[in-house]
Amino acid sequence: MRANCWHGVGDVRVEQVPDPVILNRGDAIVRITSTAICGSDLHLYDGYVPAMEEGDILGHEFMGEVVEVGAGVNRLKVGDRVVVPFPIACGRCFACEQKMFSLCENSNPNARLAERMWGHSPAGIFGYSHLTGGYAGGQAEYARVPYADIGPLVVPPELPDDKVLFLSDILPTGYMAAEACGIVPGDVVAVWGCGPVGQFAIQSAYLLGAERVIGIDRFPERLAMARDLSKAEVLNYEEVDIADALRQMTGGRGPDACIDAVGMEAHGIGLAYAYDRIKHALRLESDRPTALREALMTCRNGGVVSVPGVYGGVSDKIPLGSVMNRSLTIRTGQTHVQRYMQPLLERIQKGEFDPSAIITHHMRLDDAPHAYHIFKRKQEQCVKVVLHPDGH
Amino acid sequence: MALDLRAGAGRRRTLSSETLPGLAGRRRARKSIAVNRPAEECYRFWRNVESFPSFMQHIDEVRVIDERRSHWCASALAGRRVEWDAEITDDQPNRLIAWRTAAGSQADNAGRVCFTPAPAGKGTMIEVDMEYRLPAGTAGAMAATLFGLEPAQQLEGDLRRFKQLVETGEITTTRGQAHGPRTLKARLFNKEAEQ
Numbered sequence: 043m044r045a046n047c048w049h050g051v052g053d054v055r056v057e058q059v060p061d062p063v064i065l066n067r068g069d070a071i072v073r074i075t076s077t078a079i080c081g082s083d084l085h086l087y088d089g090y091v092p093a094m095e096e097g098d099i100l101g102h103e104f105m106g107e108v109v110e111v112g113a114g115v116n117r118l119k120v121g122d123r124v125v126v127p128f129p130i131a132c133g134r135c136f137a138c139e140q141k142m143f144s145l146c147e148n149s150n151p152n153a154r155l156a157e158r159m160w161g162h163s164p165a166g167i168f169g170y171s172h173l174t175g176g177y178a179g180g181q182a183e184y185a186r187v188p189y190a191d192i193g194p195l196v197v198p199p200e201l202p203d204d205k206v207l208f209l210s211d212i213l214p215t216g217y218m219a220a221e222a223c224g225i226v227p228g229d230v231v232a233v234w235g236c237g238p239v240g241q242f243a244i245q246s247a248y249l250l251g252a253e254r255v256i257g258i259d260r261f262p263e264r265l266a267m268a269r270d271l272s273k274a275e276v277l278n279y280e281e282v283d284i285a286d287a288l289r290q291m292t293g294g295r296g297p298d299a300c301i302d303a304v305g306m307e308a309h310g311i312g313l314a315y316a317y318d319r320i321k322h323a324l325r326l327e328s329d330r331p332t333a334l335r336e337a338l339m340t341c342r343n344g345g346v347v348s349v350p351g352v353y354g355g356v357s358d359k360i361p362l363g364s365v366m367n368r369s370l371t372i373r374t375g376q377t378h379v380q381r382y383m384q385p386l387l388e389r390i391q392k393g394e395f396d397p398s399a400i401i402t403h404h405m406r407l408d409d410a411p412h413a414y415h416i417f418k419r420k421q422e423q424c425v426k427v428v429l430h431p432d433g434h
Numbered sequence: 040m041a042l043d044l045r046a047g048a049g050r051r052r053t054l055s056s057e058t059l060p061g062l063a064g065r066r067r068a069r070k071s072i073a074v075n076r077p078a079e080e081c082y083r084f085w086r087n088v089e090s091f092p093s094f095m096q097h098i099d100e101v102r103v104i105d106e107r108r109s110h111w112c113a114s115a116l117a118g119r120r121v122e123w124d125a126e127i128t129d130d131q132p133n134r135l136i137a138w139r140t141a142a143g144s145q146a147d148n149a150g151r152v153c154f155t156p157a158p159a160g161k162g163t164m165i166e167v168d169m170e171y172r173l174p175a176g177t178a179g180a181m182a183a184t185l186f187g188l189e190p191a192q193q194l195e196g197d198l199r200r201f202k203q204l205v206e207t208g209e210i211t212t213t214r215g216q217a218h219g220p221r222t223l224k225a226r227l228f229n230k231e232a233e234q
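See below:
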């Protein structure tokens with residue numbers, strides 16, 4: 043089959059690789075019809091997530107048709123059309139029973155590696171480095187899906203791929219980030235990053251009762267999408283001082299909740315950003331927490347800072363004094379996608395979300411290297427790319 | 040103010056893996072794992088020693104001799120095969136199993152595994168406490184560590200796989216999955232990562 047493989051910093055190639063096979067009783071093989079590039083794939087592309095190896099197949103947002111199931115699979119059948127959640131979860135361990143699927147205790151075969159890096163191991167993730175299992179990803183014609191009875195959601199035929207594909211990651215991710223804010227009617231929520239997760243976080247915050255949502259970015263097309271599609275008030279951080287503006291907009295108090303939908307490769311301005319860029323480039327710091335710092339400093343006293351943005355390791359100059367003295371709550375985590383797929387599917391069916399509206403590019407799988415190139419550089423007003431392995 | 044003034048003072052013990060004083064080369068390994076199944080089920084799985092090769096990577100075969108004794112075959116360094124007899128010295132159903140290897144055999148270890156119901160019905164705490172001696176002195180011990188054949192190292196992976204098998208009925212793996220062209224480094228790395 044054809045698959046998009048990682049070969050180093052800024053180097054992905056679509057190559058001919060062996061077809062996946064069933065390795066365990068609970069596996070299924072899915073023929074992929076649509077597969078997306080996630081903002082977090084850019085952290086791999088840029089080489090900031092450790093434990094990537096040449097030849098790793100990328101991709102964790104995909105859907106398709108079940109073409110084969112293992113002997114232990116009871117729920118899924120050949121021919122089912124499914125969306126596959128990005129965290130791999132067994133459904134049987136303590137974490138899965140608590141519905142914390144992205145913390146599954148059994149799905150990371152490289153748990154020891156993750157324990158060295160993070161203390162304890164989270165779940166395995168498709169196409170997301172050997173720290174989270176080294177699983178082959180879904181930017182390919184086919185993928186092996188472990189614990190197939192637990193994760194994949196069978197979707198109704200009348201909904202096209204574009205409407206349901208993002209149930210695999212970014213729609214639940216934006217939603218969980220907003221849910222974590224504990225929004226009550228009247229709340230003001232600020233969202234750093236108006237990429238796909240930021241857009242869904244803004245839309246979810248409104249659905250959960252926020253009075254005002256403020257989107258922060260610097261790319262005009264993303265700010266326009268936040269304003270026109272997601273109905274946020276928007277701030278361009280290259281034009282205005284964000285801390286100052288948020289103070290003005292909230293009677294000096296700050297937003298009730300702040301969402302960092304940017305993560306480890308934040309762009310910023312000023313001295314602290316220059317310091318991070320140097321340390322990051324020298325690999326003395328694994329993450330550049332520019333957006334997180336600003337969120338922590340601007341959130342109102344006693345507020346919640348919710349972090350769907352991906353961080354990989356250690357960061358410097360996190361203002362813990364602000365967190366402690368101002369009674370802030372930080373909530374974060376890889377998304378427990380399996381928990382949100384069915385309820386969010388119903389919201390899509392009711393028309394509360396139209397996830398397809400954020401797609402700016404449809405391309406063939408073979409064009410993945412070009413897609414990464416423009417997505418990384420924000421060229422061609424690229425916000426979200428969907429790849430099609432069958433070439434349509 | 041919780042300043043830890045003890046940090047750096049004296050020698051701290053690493054309880055999961057330590058060298059015992061006195062007799063040369065004796066070591067002790069302790070590892071525990073929480074399994075989301077009742078103690079009876081964990082005990083029953085563990086008592087069936089012939090199933091051990093399914094989750095103990097270095098054990099090739101276990102054959103039951105009688106109610107208490109069994110014969111073990113394992114791969115060692117340089118493709119060598121090691122065989123020994125082991126005996127269950129204490130067996131308290133659903134609570135504890137203790138064992139030791141037969142005197143004068145190629146493997147020298149003894150220990151026990153306890154099954155304790157975790158608080159609030161959250162499954163079972165499985166705790167292994169074993170003593171062992173590595174053959175061939177210091178050089179042998181170093182080589183064993185290097186090749187992942189050190190029992191304390193093996194125990195960790197074995198317990199993880201035991202948990203996977205009891206909880207899900209399968210052992211999590213990516214061995215044999217599709218990938219693009221690998222460099223030599225990537226091939227070596229992948230061999231090491233999954234243990």
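Protein sequences appear in the order of chains A and B.
My numbering puts the first sequence at residues 43 to 434.
My numbering puts the second sequence at residues 40 to 234.
Virtual Cβ for every residue (Gly too), placed ideally from N, Cα, C.
Compare the C-beta of B/P220 against all C-beta atoms of chain A and say whether one is closer than 7 angstroms.
One-based indexing of the second sequence puts residue 220 of chain B at position 181. By this cut-off, B/P220 is an interface position.
Let's see if you can read the secondary structure: which residues bound the alpha helix (DSSP H) around A/C236?
On the first sequence, position 194 is the one that residue 236 of chain A refers to. For A/C236, no alpha helix (DSSP H) run applies, since DSSP gives it neither H nor E.
Rounded to whole angstroms, what is the Cα-Cα separation between A/V59 and B/R226?
Mapped onto the first sequence, residue 59 of chain A falls at position 17. Mapped onto the second sequence, residue 226 of chain B falls at position 187. One C-alpha to the other measures close to 16 angstroms.
Enumerated in chain order, which unbroken segments of the alpha helix (DSSP H) with a length of 4 residues or greater are wholly contained in the stretch 191-240 of chain A?
Fully contained in the stretch 191-240 of chain A are the following alpha helix (DSSP H) runs of length 4 or more, in chain order: 203-206 and 212-221.
Going straight from the alpha carbon of A/D61 to that of A/H378, what length do you get?
Walking along the first sequence from the start, residue 61 of chain A turns up at place 19. Walking along the first sequence from the start, residue 378 of chain A turns up at place 336. Going from the Cα of A/D61 to the Cα of A/H378 covers about 29 angstroms.
Would you mind telling me which residues of chain A sit closer than 9 angstroms to B/K202, beta carbon to beta carbon, in chain order?
As a working mapping, residue 202 of chain B is identified with position 163 in the second sequence. Residues of chain A with a Cβ closer than 9 angstroms to the Cβ of B/K202 are, in chain order, C135, E147 and N148.
With 7 angstroms set as the bound, which would you pick, yes or no: does the beta-carbon of A/Y248 sit closer than that to a beta-carbon of chain B?
Reading the first sequence from its first residue, position 206 is the one you call residue 248 of chain A. So, not an interface residue.
Give a yes or no on whether the minimum CB-CB distance between A/L65 and chain B is below 7 angstroms.
The count along the first sequence starts at 1 and reaches residue 65 of chain A at position 23. So yes, A/L65 belongs to the interface.
Below 9 angstroms on C-beta distance, what does A/Y45 contact in chain B?
Residue mapping note: residue 45 of chain A aligns to position 3 of the first sequence, counting from 1. The question names Tyr, but residue 45 of chain A is Ala in the sequence shown. Residues of chain B whose Cβ lies closer than 9 angstroms to the Cβ of A/A45 are, in chain order, A217, H218 and G219.
So is A/A178 in contact with chain B if we call contact Cβ pairs under 7 angstroms?
Residue numbering aside, residue 178 of chain A sits at position 136 when the first sequence is read from its first letter. Chain B contact via Cβ: present.
Which residue from A/E327, A/I390 and A/T77 puts its Cα closest to that of A/E200?
By 1-based counting over the first sequence, the position of residue 200 of chain A is 158. Nearest to A/E200 by alpha-carbon distance, out of A/E327, A/I390 and A/T77, is A/I390.
With B/E170 as the anchor, note down where its beta strand (DSSP E) starts and where it stops.
Position 131 of the second sequence, counted from the start, is the residue given in the question as residue 170 of chain B. Here the beta strand (DSSP E) through B/E170 covers T163 to R172.
A/G179 versus A/Y353 - alpha carbon distance:
One-based indexing of the first sequence puts residue 179 of chain A at position 137. One-based indexing of the first sequence puts residue 353 of chain A at position 311. Cα-Cα distance, rounded: 20 angstroms.
May I have the straight-line CA-CA distance separating A/G224 from A/G216, to the nearest angstrom?
Start at 1 with the first residue of the first sequence, and residue 224 of chain A comes out as number 182. Start at 1 with the first residue of the first sequence, and residue 216 of chain A comes out as number 174. Taking the CA atoms as reference points, A/G224 sits about 14 angstroms from A/G216.
Mind listing the chain B neighbours of A/I99? Cutoff is C-beta to C-beta under 8 angstroms, in chain order.
Translated into positions along the first sequence, residue 99 of chain A becomes position 57. For A/I99, the residues of chain B that pass the 8 angstroms Cβ criterion are A217, H218 and G219, in the order they occur in the chain.
What residues in its chain sit with their C-beta under 8 angstroms from that of A/S171, if we drop five residues either side in the sequence?
As a first step, residue 171 of chain A is located in the first sequence; it is residue number 129 there, counting from the start. Same-chain partners within the cutoff: L86, V91, P92, A93, M94 and D98.
B/E209 at chain A interface by Cβ criterion, 7 angstroms
Here residue 209 of chain B refers to the residue found at position 170 when the second sequence is read from its first residue. For B/E209, at least one C-beta of chain A is nearer than 7 angstroms to its own C-beta.
Looking only at its own chain, which residues have a Cβ that is under 8 angstroms from the Cβ of A/I311, when we skip the five neighbours before and after it?
For this step, residue 311 of chain A is matched to residue 269 along the first sequence. For A/I311, where only same-chain residues beyond five positions count, the Cβ hits under 8 angstroms are Y279 and E280.
Give the residues of chain C in contact with B/A225, contact being defined as C-beta atoms less than 7 angstroms apart.
This model lacks chain C altogether, as its protein chains are A and B.
Three-state secondary structure (DSSP) of A/L86
As a working note, residue 86 of chain A is residue 44 in the first sequence. A/L86: helix per DSSP, three-state reduction.
Whole-angstrom Cβ separation of A/V125 and A/V197, contact assumed at under 8 angstroms?
For the purposes of this step, residue 125 of chain A is taken as the residue at position 83 of the first sequence. For the purposes of this step, residue 197 of chain A is taken as the residue at position 155 of the first sequence. Yes, they are in contact, since the Cβ atoms of A/V125 and A/V197 sit about 6 angstroms apart, within 8 angstroms.
Distance CB(A/V282)-CB(A/G257) smaller than 7 angstroms:
Your numbering for residue 282 of chain A matches position 240 in the first sequence. Your numbering for residue 257 of chain A matches position 215 in the first sequence. Not closer than 7 angstroms, so no.
Is the shortest distance between the beta-carbon of B/T212 and the beta-carbons of chain A less than 7 angstroms?
Locating residue 212 of chain B in the second sequence gives position 173, counting from the first residue. Chain A places a beta carbon closer than 7 angstroms to that of B/T212, counting this residue as a contact.
Alpha-carbon to alpha-carbon, A/N150 and A/M428
Numbered from its first residue, the first sequence carries residue 428 of chain A at position 386. Numbered from its first residue, the first sequence carries residue 150 of chain A at position 108. The sequence shown places Val at residue 428 of chain A, rather than the Met named in the question. Taking the straight line joining both Cα atoms gives about 27 angstroms.
At 7 angstroms on the CB atoms, spell out the chain A contacts of B/R199, in chain order.
Numbered from 1 along the second sequence, position 160 holds the residue referred to as residue 199 of chain B. Neighbours of B/R199 across chain A, judged by C-beta separation under 7 angstroms: A153.
Are the stretch 254-272 of chain A and the stretch 228-246 of chain A in contact at 8 angstroms, needing three or more beta carbon pairs?
The stretch 254-272 of chain A vs the stretch 228-246 of chain A: in contact.
Taking only three categories from DSSP, how would you classify A/T340?
Counted from its first residue, the first sequence places residue 340 of chain A at position 298. The answer is helix: DSSP assigns A/T340 an H, G or I state.
Does the separation of the CB atoms of A/G106 and A/I74 fall below 7 angstroms?
The residue you call residue 106 of chain A lines up with position 64 of the first sequence. The residue you call residue 74 of chain A lines up with position 32 of the first sequence. Yes, these two residues count as a Cβ contact at 7 angstroms.
Mark B/E57 as exposed unless 16 or more other C-beta atoms lie within 10 angstroms of its C-beta, in which case mark it buried.
Against the second sequence, residue 57 of chain B aligns to sequence position 18. Its Cβ having fewer than 16 others within 10 Å, B/E57 is exposed.
Any heavy atom of the ligand FMN within a distance shorter than 6 angstroms of the CB on A/A232?
Because no ligand of any kind appears in the structure shown, any question about the ligand FMN cannot be addressed here.
Flag B/E206 as yes if its beta-carbon sits less than 7 angstroms from any beta-carbon of chain A, otherwise no.
Counting from one through the second sequence, the residue named residue 206 of chain B turns up at place 167. Chain A contact via Cβ: present.
Three-state secondary structure (DSSP) at B/E195?
For the purposes of this step, residue 195 of chain B is taken as the residue at position 156 of the second sequence. Here DSSP, grouped into helix, strand and coil, assigns B/E195 to helix.
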